[in-house]
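Colleague:
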Amino acid sequence: MTTTANAETPVNEPDAEQVSAFLKQHSDFFDSRPGLLAEIQLSHSGSSAISLSERQIQVLRDQNHGLKNKLMELVDVARDNDRLNERMHQMTLDLLQTGSLIELLDTLENHLRNEFSADTITLHLPGLDEVTQRETGAADLVIDDALKALFPGPLSENAPLCGRLRQEQLDFLFHDQAAAIESVAVIPLGENAQAGLLSIGSREVNRFSSSMGTLFLSHLGALLARLLNVHR
456 MTTTANAETP
466 VNEPDAEQVS
476 AFLKQHSDFF
486 DSRPGLLAEI
496 QLSHSGSSAI
506 SLSERQIQVL
516 RDQNHGLKNK
526 LMELVDVARD
536 NDRLNERMHQ
546 MTLDLLQTGS
556 LIELLDTLEN
566 HLRNEFSADT
576 ITLHLPGLDE
586 VTQRETGAAD
596 LVIDDALKAL
606 FPGPLSENAP
616 LCGRLRQEQL
626 DFLFHDQAAA
636 IESVAVIPLG
646 ENAQAGLLSI
656 GSREVNRFSS
666 SMGTLFLSHL
676 GALLARLLNV
686 HR
């Protein structure tokens, strides 16, 4: 005897990706079905169900809130940059008015400490005799292979070095103050530091980081190199 199955052939339901692709390809799907928006109930974090249209409004509000926060962050960055430019401009004017190497270095240190919150500043300049070292507080700089290996960025790549340094680097730059320094900016003065090295130390770990922008530091290094050539 032959029997006939009464069971219906199962229907394969589309998965989430297929539904998503369909709705993206048919953006007018709900235009002809406005009532469907209100009928579809979505789970909500507060346990109550909401319609699809309500959920869309909620998503748009969240996106708007996120964009507003991003905008405020950009405004804060722009304000910080404006203040930095103003301080840099005033420091440049004051440095240009100096009449000697000692006055130049004193003016630089005053600005970096008072306007840029530097804790420690050291200068290494090539060709300094002992008298000039005592008068200015700067150290003599001899660029050799060992020093290039110690500071490859400033001395070989002509790029400022920012962040936390190794102990031997700190010892060379800051000597007896090295133990208190947590982060540093090392700025080449002139091409590959041929006019010297300016080091700015901070007791704050995050004051200088490897991810920070260095345009301001590069401009400062170029300015000081020109002024050092004038006063020396």
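Heads up: the sequence shown is residues 456 to 687, going by the numbering used here.
We treat Cβ as the ideally placed atom computed from N, Cα and C, and that holds for glycine.
Bear in mind that the values here come from a model prediction, so they are computed numbers and not experimental data.
Please identify the residue among L675, N684, V474, L610 whose C-alpha is closest to the C-alpha of R542.
Modeller: Nearest C-alpha to R542: L675.
Colleague: Pull the bridge partners of V641 from the DSSP assignment, please.
Modeller: Per DSSP, L616, S654.
Colleague: Taking 8 Å as the threshold (C-beta atoms), are S654 and L628 in contact?
Modeller: Contact: yes.
Colleague: Within 10 Å of its beta-carbon, does M546 have 16 or more other beta-carbons around it, so buried, or fewer, so exposed?
Modeller: Result: buried.
Colleague: With a cut-off of 8 Å on the beta carbons, I'd call A635 and D626 a contact; round off their distance for me.
Modeller: Wrong, their Cβ atoms sit about 12 Å apart, outside the cutoff.
Colleague: Answer yes or no: does any C-beta atom of chain D fall closer than 8 Å to that of Q480?
Modeller: Within the model displayed, chain D is absent; a lone protein chain is all it includes.
Colleague: Can you name, in chain order, every residue of its own chain whose Cβ lies under 8 Å from the Cβ of A460, other than the five neighbours on each side?
Modeller: Because A460 sits at a pLDDT of 48, beneath the cut-off of 50, its placement in the model cannot be relied upon, and the following sentence gives the value as read from the coordinates. So the list is empty, once near-sequence residues are dropped.
Colleague: Helix or strand or just coil, what does DSSP make of T577?
Modeller: Three-state DSSP puts T577 in a strand.
Colleague: Please report the distance separating the alpha-carbon of H481 from that of H520.
Modeller: Answer to the nearest angstrom: the Cα atoms are 28 Å apart.
Colleague: Return the bridge partner residues of A601 from the DSSP annotation.
Modeller: DSSP lists no partner for A601.
Colleague: Where A614 and I642 are concerned, what is the direct C-alpha to C-alpha distance, given to the nearest angstrom?
Modeller: One C-alpha to the other measures close to 7 Å.
Colleague: Report yes if the C-beta distance between A640 and C617 is below 8 Å; otherwise report no.
Modeller: Result yes, Cβ atoms of A640 and C617 sit closer than 8 Å.
Colleague: Quick one: is I512 buried, meaning 16 or more other Cβ sit within 10 Å of its Cβ, or exposed?
Modeller: I512 is exposed by the Cβ-count criterion.
Colleague: Verify whether the separation of the beta carbon atoms of L682 and L596 is less than 8 Å.
Modeller: It is not a contact, given that the beta carbons lie outside the stated cut-off.
Colleague: Span of the alpha helix (DSSP H) holding E623?
Modeller: Its alpha helix (DSSP H) spans residues 622-629.
Colleague: Measuring straight from C-alpha to C-alpha, what distance separates I557 and A648?
Modeller: For I557 and A648, the distance between alpha carbons rounds to 20 Å.
Colleague: Distance check for R534 and N540, CA to CA, integer angstroms please.
Modeller: The straight-line gap from Cα to Cα measures roughly 10 Å.
Colleague: DSSP three-state call for D483: helix, strand or coil?
Modeller: Reduced to three states, the DSSP call for D483 is coil.
Colleague: Determine the contact status of T575 and A594, defining contact as a CB-CB distance below 8 Å.
Modeller: In this structure, A594 does not lie closer than 8 Å to T575 by Cβ.
Colleague: DSSP puts A476 in a beta bridge; with which residues?
Modeller: DSSP, once it has assigned bridges, lists no residue as partnering A476.
Colleague: Let me know if A601 comes out buried or exposed under the rule of 16 or more other beta-carbons within 10 Å of its beta-carbon.
Modeller: When all chains shown are included, A601 counts as exposed.
Colleague: From which residue to which residue does the alpha helix (DSSP H) around L583 run?
Modeller: Run containing L583: none; DSSP gives neither H nor E here.
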